[in-house]
Amino acid sequence: MCEHASVALWNDEFRKRAERLDDKVLDLMHGRLDDFALRARLEELARKDWTVFDGLAHRWAPKLYRRNRVVFRSLILAHLADWIVTRDGKYVNASDVWTSTELASFVKDVDRDDEVELFRKLWRVQAALEKKDEVAWRKELLARFLAANDSPARRLVLDKYNQGWRLDEDTAAALYEREPDGARAFVLDHQSTVRRTWLRTVQEPWRRLMAAARARGDDDFYFDLYRRQIPAAEWRRDVTALARSTPDPVALDAAFERQHIVWPGAELLPAITDLLRLRGEDALPWALRHLGRTVGYRDEVPGFADLKALALEREWLPLWSALLRRVARAEQFDAEVRGLLSDRVRPDAENRRRLQILAGAGSEYNRPGLGIAGMHPLTDDTAVAMLRRWPDLLRGPYRSHLMLGWGRSYDKLTSEAIAAGVDEIVDLLASRMVLQHWVDDKAAPKAIVEHFRSLRGTPGFARRAGAVLAALPAYGVWWYGGLVERNPLARLLFERATAEWLEDPAVLRDLLESPQIHVQALAFRVLGEDDERARRVASESLDLLVPTLLRPLHRRTRLLALRALANAAVDEARARVVLAKAKDAFDLPDRRYPKEHLLALCAELLHRYPALRSAREQPRVFT
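Sequential numbering of the sequence shown, starting at 41, is according to this note's numbering.
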């Protein structure tokens, strides 16, 4: 009962808001404001309550468009949504609030004025209102396209009807035959691709349209359709015939690339194997470029074993390595590494060389601010075998293959590395462990925690702990409170070893330059301690601390940095540097900047060093 009452109360409040805003908009539109002033006032109302404003677009948009479409175009486009919230607080399609007569009139005006973006939005609303489907869209598009008098008019029709639906071959062929240059990109954007998915969706390729493109000599368009639509089995037969008929290696590589389909699926590795057997190294560059485009297989990828055998038979080690890194499953990769480590027939130098070639990421995805690499983790037994035979490989190229996680704790490797004194491996495993928000009671995490606890009080603790924290990536900690609560190693390094960090100033400087903000905050907190060593190290790190005054930081982290800066001002020269930059920070537009604490820092420095006071900062004594 209470729930229904609260919903009714919310709907009633929303209805009142809509009525008030509707009245305001109508009053402004009927007032004496000029067009630019009216747009400014409406934009202000939209910023305050855009949900209600968008829901009333059917009342104000047609009137504003007819009043001055140039001035109000941007406002209408920004707030003419496909889905809106009505006066009753219901989330519905925008077609539910328009009348067919009103909408048809608005669409007609927009179509007459060739307002392409507005037409697209309104046509979608009209299609929902009149229950138009994809077939109706095709018919209307084709009728308007064929009725257009010239090429610019036909291209304008394609722009207006550029919706998210798909063409069929008859419509696509009619568009292409009438306007090849103008329709080519539109057909490609709206063609139905053949995708090899788990659902095994199959569609016949548009062979009649491909034949028309070939007859016209439009090879680029033909191959664009070919790559998207030809079935993988047919593609495999075509590239095999191509390998037999093209003797020039350069021309063969270009032909392979031009004809490579989007979804080769299970046919990729068998096709690569066939072409390598036919042409040998001529097909190797193309094969290396396209390895790894096989997804959706829980078991071994079709053709994997044959291609691997061929690569080893011909001594194509780059192909063998790429195949194992990009296509193989984790257990296949680990078995190959373990086999090379246990091999006693082949010379040690050759086995070592193959291990070096095999290491690395199988796939990478890089965007500004984001990088993802696909790696195969080593098992505990394989990592121990590598530590015993070639520990430098485990510390070097295979360090990225040591990944802690569910079911992978490296108990044996941890114990053996600690016993053998291989600090780099222990620190590497610790840097992986310290980021885990859920640490179970495995032997390896316990051994690592106990190892670092035993180092407390020794001269090497700061260096070892600093090496662990220096390896943490940016944004690796997504919940600091939960991390230090559940992870004993993180709790030890971040919260319980404050005094030990002051033993090594060089390590503290490294922490200040860490990409991980929580590591920097740890350094700020240590340098802000009421300790002579903290003040000495902070003064030596002033070049790294001063820029924090102008950096974007969270409030809690900035307060720690301000405390460290106060400690760094151990003499008048250093205080002058801090004070000048602190005064510049008052001009920052950041509303969350703790200016009151910044003012306290300036006051503390001026009190400590009176010579830094300007004429306006001298104290006045009134009697």
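Ideal Cβ positions, reconstructed from N, Cα and C, are used throughout, including at glycine.
Sequence-distant residues of the same chain with beta carbon closer than 7 Å to residue i, five excluded per side
i	result
L239	The predicted position of L239 is uncertain, since its pLDDT is 45 and thus under 50; a value taken from the coordinates is nonetheless stated next. Excluding residues within five positions, none has a Cβ falling inside 7 Å.
L542	V566, D571, R573, A574, V577
I458	V466, A487, H491
P431	V462
Q556	L512, P513, A514, G516, V517
A510	D550, S554
M41	With a pLDDT of 45 at M41, under the threshold of 50, the predicted position of this residue should be treated as unreliable, though the coordinate-derived value follows. Counting only Cβ-Cβ distances below 7 Å, and skipping sequence neighbours, we find nothing.
R429	L381
Residue j beta carbon less than 8 Å from that of residue i
i	j	result
A507	D467	yes
R595	R631	no
L252	A213	According to the sequence displayed, residue 252 carries Ala and not Leu. Yes, the Cβ-Cβ distance between A252 and A213 is below 8 Å.
I488	L552	no
V110	R57	no
T280	L315	yes
I397	S361	yes
L120	L143	no
R496	A537	yes
A622	L641	yes
R276	G332	no
L207	R178	yes
L532	R503	no
M473	L434	no
V559	R526	no
L584	L605	no
L589	A625	yes
R99	R55	no
T410	D374	One detail in the question is off: residue 410 reads as Leu in this sequence, not Thr. No, these two residues do not count as a Cβ contact at 8 Å.
E174	W205	yes
A399	Y438	yes
L61	L82	no
L215	F185	yes
L249	F226	no
R394	L350	no
F112	R79	yes
L324	L359	yes
S581	L628	no
E217	S191	no
R194	G222	yes
D75	R107	yes
Close-in-space but distant-in-sequence residues of the same chain around residue i (CB under 6 Å, 5 per side omitted)
i	result
L181	Y201
R267	I301, V302
A306	P342
L282	A295
R407	none
P659	none
S440	M415
Q272	Here residue 272 turns out to be Ala, not Gln, going by the sequence shown. For A272, where only same-chain residues beyond five positions count, the Cβ hits under 6 Å are P304, G305, E307.
Bridge partners - residue i, DSSP secondary structure assignment
i	result
R407	L410
S448	Here residue 448 turns out to be Arg, not Ser, going by the sequence shown. Bridge partners of R448: G445.
V132	I124
Beta-carbon proximity list for residue i, same chain, < 8 Å, skipping 5 on both sides
i	result
L453	D420, A423, V424, L427, L442, I465, L469, A484
F159	V147, V150, D151, K200
W123	Y131, V132, N133, A134
W246	E209, A212, A213, Q231, L265, Q269
A97	I116, H119, L120, A121, I124, A134
D89	R57, L61
heavy atom of the ligand PLP below 7 Å from residue i C-beta
i	result
S440	The ligand content of the structure shown is nil, which means the ligand PLP is not present either.
Closer than 8 Å to chain D by CB, residue i
i	result
R595	Within the model displayed, chain D is absent; a lone protein chain is all it includes.
> Do the stretch 555-569 and the stretch 581-600 touch if we need at least three Cβ pairs shorter than 8 Å?
Replying inline: Yes, since at least three Cβ pairs between the stretch 555-569 and the stretch 581-600 fall closer than 8 Å, the two stretches touch.
>> Using a Cβ distance threshold of 8 Å, determine whether the stretch 279-292 contacts the stretch 249-267, with at least three qualifying pairs required.
In response: Because the criterion of three Cβ pairs below 8 Å is not met, the stretch 279-292 and the stretch 249-267 do not touch.
> Residue ranges of each alpha helix (DSSP H) run of no fewer than 4 residues wholly in the stretch 564-591, ordered along the chain?
Replying inline: Counting only runs of 4 or more, we get 572-580, 582-585.
> Does the stretch 58-69 come close enough to the stretch 88-104 that 3 or more CB-CB pairs lie under 8 Å?
Replying inline: Enough Cβ pairs lie closer than 8 Å, so yes.
>> Could you tell me which whole beta strand (DSSP E) segments of length 3 or greater appear in the stretch 342-388?
In response: Here no run is fully enclosed.
> Considering only residues of the stretch 176-210, which uninterrupted alpha helix (DSSP H) runs meet the minimum length of 4 residues and lie entirely inside it, listed in chain order?
Replying inline: Listed in chain order, the complete alpha helix (DSSP H) runs (minimum 4 residues) inside the stretch 176-210 are 191-200.
> Are there three or more Cβ pairs, one per stretch, closer than 8 Å when the stretch 344-353 is compared with the stretch 378-386?
Replying inline: The stretch 344-353, when compared against the stretch 378-386, does not touch it at the 8 Å Cβ threshold.
>> Taking 8 Å as the cut-off, does the stretch 157-165 touch the stretch 117-134 (at least 3 CB pairs, one atom from each stretch)?
In response: With the cut-off at 8 Å, the stretch 117-134 and the stretch 157-165 touch.
> If you pair each beta-carbon of the stretch 647-654 with each one of the stretch 607-624, do three or more pairs fall below 8 Å?
Replying inline: Yes, since at least three Cβ pairs between the stretch 647-654 and the stretch 607-624 fall closer than 8 Å, the two stretches touch.
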